[in-house]
Amino acid sequence: MSGFVPQFRPEHGAATPWTVLRPGGDLEPGRSPTLDGERLRAAYELMLFSRAFDEKAFSLQRQGRFGTFSPVRGQEASVVGAAFALDPARDWVVPQYRELPALLNQGLPLEQFMLTFLGDPRGGRAPDEVNVLPIQIGLAAQLPQAVGLAWGLARQRRDAVVMVFCGDGATSEGDFHEACNLAGVVRAPVVFLVQNNGWAISTPRARQSAAASLAARAPGYGMAGALVDGNDLLAVHEVASNAVERARSGGGPTLVETLTYRLGDHNTADDATRYRPTDDLAAWEPRDPLDRVHTYLRSRGLWDDPHDAAVRERIAQRIEEAVRTVEAVAPPGVEHVFAHVTETPSPRLQAQLAELQAHGGAR
Amino acid sequence: MSGFVPQFRPEHGAATPWTVLRPGGDLEPGRSPTLDGERLRAAYELMLFSRAFDEKAFSLQRQGRFGTFSPVRGQEASVVGAAFALDPARDWVVPQYRELPALLNQGLPLEQFMLTFLGDPRGGRAPDEVNVLPIQIGLAAQLPQAVGLAWGLARQRRDAVVMVFCGDGATSEGDFHEACNLAGVVRAPVVFLVQNNGWAISTPRARQSAAASLAARAPGYGMAGALVDGNDLLAVHEVASNAVERARSGGGPTLVETLTYRLGDHNTADDATRYRPTDDLAAWEPRDPLDRVHTYLRSRGLWDDPHDAAVRERIAQRIEEAVRTVEAVAPPGVEHVFAHVTETPSPRLQAQLAELQAHGGAR
Amino acid sequence: MTRRMTRMTMLEAINTTLRGELARDERTMVLGQDVGRLGGVFRATDGLLDEFGPERVVDMPLAEASIVGASIGLAAAGLVPIAELQFLGFAHQAFHQVGAQLARMRYRSQGRFPMPVVVRAPFGGGVRTPELHSEALEAQFVQSPGLDVVMPATAADAKGLLQTAVRSPDPVLFCEPLRGYRLVSGEVPDGDAPVPFGKLRVARAGADVTIVAWSAAVQVAEKAADLLAEEGIAATVLDLRTLVPLDEAGLVDAVASTGRCVVVHEAPLSAGFGAEVVATVAQGAFYSLEAPIARVGAPDTPYPPGRVEDLFVPGVERVVAAARETVKAA
Amino acid sequence: MTRRMTRMTMLEAINTTLRGELARDERTMVLGQDVGRLGGVFRATDGLLDEFGPERVVDMPLAEASIVGASIGLAAAGLVPIAELQFLGFAHQAFHQVGAQLARMRYRSQGRFPMPVVVRAPFGGGVRTPELHSEALEAQFVQSPGLDVVMPATAADAKGLLQTAVRSPDPVLFCEPLRGYRLVSGEVPDGDAPVPFGKLRVARAGADVTIVAWSAAVQVAEKAADLLAEEGIAATVLDLRTLVPLDEAGLVDAVASTGRCVVVHEAPLSAGFGAEVVATVAQGAFYSLEAPIARVGAPDTPYPPGRVEDLFVPGVERVVAAARETVKAA
Ligand SMILES: Cc1ncc(C[n+]2csc(CCOP(=O)(O)OP(=O)(O)O)c2C)c(N)n1
Ligand SMILES: Cc1ncc(C[n+]2csc(CCOP(=O)(O)OP(=O)(O)O)c2C)c(N)n1
Ligand SMILES: [Mg+2]
Ligand SMILES: [Mg+2]
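Residue numbers (the numbering used here), protein chains in the order written: chain A, 3 to 365; chain B, 3 to 365; chain C, 8 to 337; chain D, 8 to 337.
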C-alpha cells in the first residue's frame, strides 16, 4: 500500500472571504474601512447610479429603444469597490461587459456606453484621456490583452496599473489561463478582477469548476489570490487596493475573486426563472450590496433623506440627459460600416463602399 | 492601512517532491517500494530499451534513415514509472510525443511508432486492442481529448483510467486549463501526467510559469495534485498508482508533475548547447534515472552481469528487427494521401486522386 | 406512399430531430453551454435534459476548445457527441480542435478513430445580436479536410441534414441560421427523412439566371427571384445545402443551363465560399457562360453593430441588381 | 542613384530586417516562443536578444493566444510588437485573438487603438517537418477584415514587405515560406527599401499564359515557366506578394493580356485563396478569357506525413501540365 498523499488537495482551494461591512451595515470587529467620508459617499452614489441605469435600460429595451443589455444589479459593490481602488488619471480598466460603473469612474461618458448598446459603432470610441479598452463580448479575450497593456505600460515606466474584469464563466476559457500565466512570468502590474456572480447565463458556478474557489488558482501562476465578499463595498475596496498597491510597487499581478450574485436575468433576452432555484434569490436578496452601505452611511451621519432625494434626482436627470443626447444622434450610415477598418482603405474596400453608396444605402 | 493579506500566496505553490529511491540507489527511510521483483526488472528493461532506441534513432536520423525525433533520455523513470501504474488491458495512454516506452507498454508495436517518425501515414494506425491515441504534435491538444475519452469510457461503465502525458511547456496552453477544469467538473477518471523536464525547446521552466510548481494548479480545478521526483522510478510509480487508484475508484482526476530533466537536445533538429547552461547538465547527469534503479536492482540481487548482457542483447535485436521491418515496407503512394480522410470520399476528392494518379504520382 | 408532414419552424425541426436522435441511438449525447436546464439560449435543446437525463444532455463549462476536444475523446470512446457552440463566432476559440484535430483524427489514426461528431453552431445576421454573434465564418472551416460543412436553409433540411449529420461516421460542422430559427418554417416529414450530403436543392427553376446561395441567403435569393419574375427575368435558385461535400456536378449543370450566375452569401466578399463557387463554375461551365459571374457578399469589413448591420448583410435589392446586370450583359 | 545590394537568403533578410527595425524604432519589440536565447527555431531572430536585451526580445510562455493577445495590449500601450508564431499551424490556437480581436480593434475602438502589430509565422511544405508544421492556412486568415496578409517569395521582398509590415499602422500576418528560408536567396537592397502592400510583382513576362502564385509557389511557377519556354510557351509569372490588400487591377490586367490563367498554391484546392483569384479574374477579365482558369492546389486532404508530402504539395509538373492544357484549350 502506498504511503503517499498528494501534496495539493481539493480542500486547499477553500478560503474564508474577506469581509469588512457586514450585511446588517455594521463593521466586522477589528476591521477598519479604507473608504470613508466623501469618497464613500461618491462610491455609494455611483452604486445608486448603476442601479438606476439598470432600470432605465431595462425599460428602454422593452420599448425597443435599447439593445440587449446585461444589468449590474447585485454586483454594484464588487464593481465600484474595485474601481475605486484605481487612480483613473493613470490606471486602466479593461472591461468584460457588465461593469458600467467602473467605466464611468474612469471618465467614460454614459453616452458612449449607451451608443454601443444602441448598436452604434461610434459608441466604441472612448475619449483619448479615458483609460479604458472597449467592452469585450468574446469571453476572456480581454485578459491577455490587459496583461499586454500592463506590461507595455510598465516597460515605458508609466506607473500605471491595469484592472481587468471577467466573470466566473470566463475563467473557464483558455485565455484566462494563458493571461494569468503570462502575467506571472512578466510580473505585469495587472489585477484580475473575477466577479463570481454565481452564474454564467444558466450555468451555476458549481458546474463551471470543481474548484472550491477561483482565487485558489493564483499560486499556480505564482501570484497572490484574494477571496472577498463581493457584496461588501468596503471589503472589495480594501482587497482591490491591496492588489493595486502590489501591482504598483512591482509586486506583480493579483487574482481577486469577488463572491457576489447576479440578482437579475443574464441580460434583457434571458429569463432566469427557467433555471434559477427560487431559494437562491431568497438567500441573496437580503445581502443586497446597496442596503448595507446605505445603513452604514446613515449610521455614520453621512447620508440623510434630503441628500438621498437630491442624489436620486441628480442621477435621474443625468440619465435622462444621456437618453436625450443619444436619441438625438443621427443614425449611423453605410460609411460607419467602413470607417476605421484600416487606416487607409484598400481599393477593393473603396469600391465596395462606392457600390453600397450607389445603392443609396439600400441592401 | 489595509489589514488584508491575500489568502492564496505564491509560496503556497511549493511542495517537497515525493521520493522513494534516492540518487545513490538506496531507499528513502520509511518508504516502501510499490514495484518489485519481476515487475521492477521489467520496468528497468523498458527503461534500457528506451535509452537504446534513443541512440539508434539518433544515429539513423543522422544517416537520413529516420525523421525528426525527440529522445526520452533522462525521463525514462518518469515515463515508465507512470506507465507501469496502468493496466494496459483496460487503461489508456494518450501521448504527447516523448513517451515511447509508455506506448510500448500498452502494446504498441515499435514498428508503428517508427513508421510515424519515418513519415509514413500508416504509422498512425495502432492495432485495435492497443489502448492508445496517436501521438500529438499540437501541444496540449490531446488533453481535452483525453478527458473526453475518460469521461466517455466512464459513462459506459468501462472501468478504465486514461493517463495523458504532456510537457511543462504544454501546461501553458489554454487547452491544459480547459481540460483540467472539465475533468474536475465531470470527475473524469483521468491522470494528467506532466513531465516537467525543465525545458520547452529553449525555454526554461522558470520562464514558462512563475508558479513554484505546476502540480499546485490542482486545487484550482478541484482535484488532487502531486509532485514527485521524476527521476525516481519507484516514486513515480507510487504517485501514479495512487492517482490511477483514485481515478478508478471514482475519486476523479489527479494532476501529477514529475520533476525530471531532458538530458538530450529537444529533438534531432535542435542544438541545446545554444541555450543550456553547462552546470545544468552537470547537476542532472548524476541523477540519471537508470543508474539508481540499476544500483538498487543489483543490491537486491535482481540484476547481474549475465542478465544485463542478455537484456541488452535482446533489446538490440528487437530494435534491429524493427529497423529491418520498417525499412522493408514499400513506400507509401499517393493513395495514402487520400485514404482515411473520410469514410466515403467525395466526388471532388475522387477526382483529385484520379488526377494525381494520372500524373503517375509525379508532382 | 404519402409521407406524414408537420408544419414547424427551423428551431422546432432541430429540437425534434435532436430528440429523435437521442431516442434512436443511446450512444448519442448533447453537450454545450446552457444546453441543459435552460434548453439552449434559443431553446434548440429545450426539454432534452428532462427527457434524457444529465448523463446524455450536458451543460459544459464555458470553454469552446474543450467542448470540441472532449467530443473527440467521447467519440474515441464509442459515443456520438452532438456538441453545440453557442455561436459560430466563438468557434474560433475551438478552431485548433476542429481543423487540426477533429477533422483529421480519422486520417491521423488511419481509420481507427472515425469521428461521428456533430458541432452545431448558430450564426448569421439581421437579428441585432451583440458583437461577434453574427459572423458568417463558414469559409474558414472549409479548409479543414475531413470535415463536412452543412448549411441548412429550410425547416425540412434542418431536420434531414441534421439526421444525416448525426448518423454520419465523419465530423460535421452544422451551421444554423439565427434569422431562420423562428422566421423560417415549413412542412417537415415525420420520422426518418435523412437528406444526403452533397446534393443541392433547386429551390426554384428559371431559365435566365442561376442564383446560388446557402443558409439564410437562400430566402434572400428567393425573394429576389420573386422581384425578378415581375421584371420578366426567370431565375433558378440553388440551395447548396452542404459546402463540403460540394455538389459540383449539380452546380455546374444548373449554371450551364442558364449561362448566367449570381452567388450570394452573408460573409465578406473576399475569400468567401462564393469564390469557390465561382472558381468551380468558371472551370466547369466556362463554355456556357454568357456573362461574368457576379458575387454578392458583405463588404470586407468587420460585422458591424446592429444599427448598420442591414447595410452590411446582403439583401434582396443587391441580389436583384446583380442578377439584372448579369442578364443584361452581352 | 544606384542602390547598394547584398546577396542573402530569405532568412538572413528577415533577421537583418528585424535587427534594423529594432534599431530604428525603440517602440518595437520581438516576442514569441524561443525567439530569445535560441534565436528562433530557424534562427530568424538570432542575435537580437544580445543586441537589444530581454525587455525588447522576449521568450514567451508556450501559449499562442496570449502571444497575440498580449501584442494587442502592448500595441494599445503604444508599442510595436513583432510577434512570432513558431509555425502557422499553431496560429489556430490564437485564431480567436486574430480575426475577432487584433484585426478589429481599430474598428471596435473607432480608430482610438490602431494595431501596429506584425505576426510572423513560417509555413509551407517540402521540408519534412512533423505533422501540423507545414499547412498553408493563409486563406483562413483572409476573412479577418482589418488584417493584411503578406506572403513574400523572395529575399528582397522578405525585407521590403517586412519593413512595410513593421511600419504599418495596421496588423499584418506575415507568412514566411519554410522551404525558402535557406534555399531562396537574392540581392537585397541595403537600408530602407519598404515594398508597398497591394502591388504584385511580375516575376517574369510572357504572352501566352499568366501563372499566378505567392510565397514558395512562385519558385514553382518560375520553374514551370522555364520548362514551358522550352516548349515554346511564354508564361507571365505573377507574385501576388500580399493577398490582403489584393492588387486586383494588376492581376486582372495581367490575365487579360494573355487571356489564359493558371493559379498555383500550396493549400488544398477547395476554398483556397486561388478561388478568390479566379473569382476576381473571372469577373474582371471575363471578356478577355480564352480558356477556363486552371487551379493547381494540393488535394482536399490533411497535409500528409513526409514520405508522401511531395505527392501532395503542387510541383512543377502539375503546373506545366495545367498551363499546357490551358494554352491548348480552344
Ligand atoms: C467566448 C464566448 N463564448 C460564449 C459566449 C456567450 N456568452 C455570453 S455571456 C455568457 C456567460 C458569461 O458568464 P460570466 O463570465 O460568468 O459573466 P456574467 O455574464 O455572469 O457577468 C456566455 C456563455 C461569449 N460571449 N463568448
Ligand atoms: C501548439 C504548439 N505550439 C508550438 C509548438 C512547437 N513546439 C514543439 S515542441 C515545443 C516545446 C514543448 O515543450 P514541452 O511541452 O515541455 O515538452 P518537451 O518537448 O519538453 O517534452 C514547441 C514549442 C507545437 N508543437 N504546438
Ligand atoms: Mg457570472
Ligand atoms: Mg519540457
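Think of the CB as a built atom: it goes at the ideal place given N, C-alpha and C, for glycine as much as any other residue.
Chain D within 7 Å of residue i, Cβ atoms only
i	result
Asp177 of chain C	no
Glu345 of chain B	no
Asp122 of chain B	yes
Ala202 of chain B	yes
Residue-chain proximity (residue i, chain C), Cβ-Cβ < 7 Å
i	result
His103 of chain D	yes
Val126 of chain D	no
Arg209 of chain A	yes
Phe340 of chain A	yes
Length of the line joining the Cα atoms of residue i and residue j
i	j	result
Gly106 of chain D	Thr308 of chain D	25 Å
Ala274 of chain A	Leu81 of chain D	39 Å
Ser175 of chain D	Ala218 of chain A	42 Å
Thr287 of chain D	Gln147 of chain C	19 Å
Ser192 of chain D	Glu238 of chain D	28 Å
Val259 of chain C	Gly291 of chain C	6 Å
Leu50 of chain A	Arg314 of chain A	8 Å
Arg302 of chain C	Gly76 of chain B	59 Å
Cβ neighbour criterion (16 or more within 10 Å) applied to residue i
i	result
Ser61 of chain B	exposed
Tyr223 of chain B	buried
Lys335 of chain D	exposed
Pro308 of chain B	exposed
Ala337 of chain D	exposed
7 Å Cβ cutoff, residue i in contact with chain B
i	result
Val315 of chain D	yes
Arg115 of chain C	yes
Tyr223 of chain A	yes
Gly227 of chain A	yes
Contacting residues, own chain, Cβ-Cβ under 8 Å from residue i (five flanking each side not counted)
i	result
Ala45 of chain A	Leu37, Val82, Gly83, Phe86, Leu235, His239 and Val295
Met3 of chain B	Only weak support is given to the placement of Met3 of chain B: the predicted model assigns it a pLDDT of 48, under 50, and the question is left unresolved by the model.
Asp267 of chain A	Pro73, Asp273 and Ala274
Residue from the options whose Cα sits closest to the Cα of residue i
i	options	result
Glu194 of chain C	C:Ile300, C:Pro184, C:Ala165 and C:Glu183	C:Ala165
Thr35 of chain D	D:Met112, D:Leu318, D:Leu45 and D:Thr24	D:Thr24
Ile203 of chain A	C:Ile79, C:Pro275, C:Ile21 and C:Asp41	C:Asp41
Ala284 of chain A	A:Ala208, A:Thr297 and A:Leu265	A:Leu265
Gly39 of chain A	A:Arg300, A:Asn244, A:Ala128 and A:Leu110	A:Arg300
Gly205 of chain D	A:Val95, A:Glu47, A:Ala332 and A:Pro347	A:Pro347
Glu259 of chain B	B:Leu195, B:Ala16, B:Pro31 and B:Ser243	B:Leu195
Ala143 of chain D	D:Ala51, D:Val270, D:Gly279 and D:Ile79	D:Gly279
Ala83 of chain D	D:Gly118, D:Ala72 and D:Val149	D:Gly118
Spatial neighbours of residue i in its chain, beta-carbon cut-off 7 Å, leaving aside the 5 residues before and after
i	result
Thr265 of chain D	Ala214, Asp215, Val216, Thr217 and Thr243
Ala5 of chain D	Any question about residue 5 of chain D goes unanswered here, given that chain D covers just 8 to 337.
Ala54 of chain A	Ile317, Ala318 and Ile321
Beta carbon proximity, residue i to chain F, threshold 7 Å
i	result
Thr249 of chain C	Considering every chain present, this structure includes no chain F. Its protein chains are A, B, C and D.
Same chain, Cβ closer than 6 Å to residue i, neighbours up to 5 away in sequence not counted
i	result
Asn233 of chain A	Ala79, Thr262, Arg289 and Pro291
Glu28 of chain D	Thr35 and Val173
Test: residue i CB closer than 7 Å to a CB of chain A
i	result
Arg64 of chain B	no
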